[in-house]
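Number 129 marks the last residue of the sequence shown (our numbering); no jumps. Heads up, the beta-carbon is just placed ideally off N, CA and C, and yes, glycines get one too. A quick write-up on the structure given underneath.
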Amino acid sequence: MRFRLDDEGNTWLPKVPHTRPVRETLTHKQRVEFLKLLHDGLGYTMACARLGIGVREMKRAIADSAGFRHAVKQIELVRAERMFALLYDAALNGDMKAAQFLLARHDRQTEQRKARRDAST
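Put into structure tokens, the structure is as follows:
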């Protein structure tokens with residue numbers, strides 16, 4: 009904290025800029041319900057519509073809260089793993105489209121890793 013002296017040697021505190029109080033954009037109940045809807049397979053837009061919340065407001069809530077952001081990322085990872093497992097099972101059972109998709113995904117990931125490795129050297 010800084011202090012300043014006026015011409016008479018008296019100290020005064022610098023003016024603190026007026027800040028608005030931080031307001032939670034969503035209630036705890038809304039956040040939990042959003043996470044449940046995401047886990048059940050709905051996307052952001054449909055989950056927000058069900059809750060009667062704007063997508064912009066939801067994105068702001070995700071950006072403002074590290075804990076909520078982490079929970080959303082965890083659920084997205086679970087959904088991706090579930091999708092991968094379904095595709096893998098379909099490929100093993102002879103679904104050629106699923107096999108092609110998985111191979112293309114593997115090739116993209118390999119290329120991305122190689123590009124990151126090349127960029128870091």
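- A distance below 9 Å separates the beta carbons of residue 58 and residue 45.
- Between the segment 31 to 40 and the segment 68 to 85 there are three or more C-beta pairs closer than 8 Å, enough to call the two in contact.
- Taken atom to atom, the span from the alpha-carbon of residue 90 to that of residue 54 is near 20 Å.
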